[in-house]
Amino acid sequence: MSVPEVIPIVHEPGYRTDTIGRFRGGQFFASVTYAVPEGAVNREGGGCFAVLHRFDDAGRHLDSRIEAVPGEVPGVANAAAELLGEWLAALPEREFGDIAVAPFALHVDGCLFGLVVERHGEDATEDDWAELYPDNLGFHAPWDGEYDT
199 MSVPEVIPIV
209 HEPGYRTDTI
219 GRFRGGQFFA
229 SVTYAVPEGA
239 VNREGGGCFA
249 VLHRFDDAGR
259 HLDSRIEAVP
269 GEVPGVANAA
279 AELLGEWLAA
289 LPEREFGDIA
299 VAPFALHVDG
309 CLFGLVVERH
319 GEDATEDDWA
329 ELYPDNLGFH
339 APWDGEYDT
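Mind the numbering: the sequence shown is residues 199 to 347 in the numbering used here, read in order.
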C-alpha cells in the first residue's frame with residue numbers, strides 16, 4: 199500500500215506522541231529529541247533539540263522552530279523540555295490530540311528533521327513507509343496513526 203498524502207499520527211499521552219495536536223491555525227508536532235549530523239562518525243556533533251513543527255489544517259508543513267539546547271546529559275533534556283513547554287504554551291487554543299500531516303524535510307545544523315517517505319519492504323516496488331526524523335518513529339500500512347520505533 200502506497201504512502202497517503204497525509205499521514206495520521208495518534209496522540210499517546212505519556213509516550214512519544216504526547217505533544218501533538220491542534221491549535222488555532224492548524225496542527226503541531228512537538229518533541230525533545232537528540233539528533234546527529236548526517237554522515238557523523240560516532241555520533242560526533244550531535245545534540246539535544248527542542249522541536250516544534252507547525253502545519254495548516256490540511257496537514258501541509260508551515261514552519262518549524264528547532265533549537266539546539268546546550269548542556270550535559272541529563273540536564274539538557276530538562277532544559278529542552280522547559281523551552282518546548284514555553285513554545286507550546288504560546289500556541290493559541292492548543293489542544294493535544296491526533297493529527298494528520300504531509301511529508302516534509304529540512305536540515306538544521308546538518309541534521310535531518312521531518313516526516314520522510316521511504317521504501318522499507320524487501321520486495322517493495324513503491325514507497326511504503328514514512329519515518330519521522332530524528333525521532334525515529336516509523337509509520338506504515340494500514341496507516342492508522344500507530345508507529346514503530
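Built from N, CA and C at the ideal position, the CB exists for glycine as well.
When DSSP builds the beta bridges, which residues end up paired with V349? An answer regarding residue 349 cannot be provided, because it is not within the stretch 199 to 347 covered by the chain.
Does DSSP put G308 in a helix, a strand or coil? coil
If you draw a straight line from the alpha carbon of D254 to that of L335, how long is it in whole angstroms? 21 Å
Between which two residues does the beta strand (DSSP E) harbouring A248 extend? Its beta strand (DSSP E) spans residues 245–253.
Three-state secondary structure (DSSP) of A275: helix
According to the Cβ coordinates, are R220 and I297 closer than 8 Å? Yes, these two residues count as a Cβ contact at 8 Å.
May I ask you to list the residues that DSSP assigns as paired with W327? E316, H338
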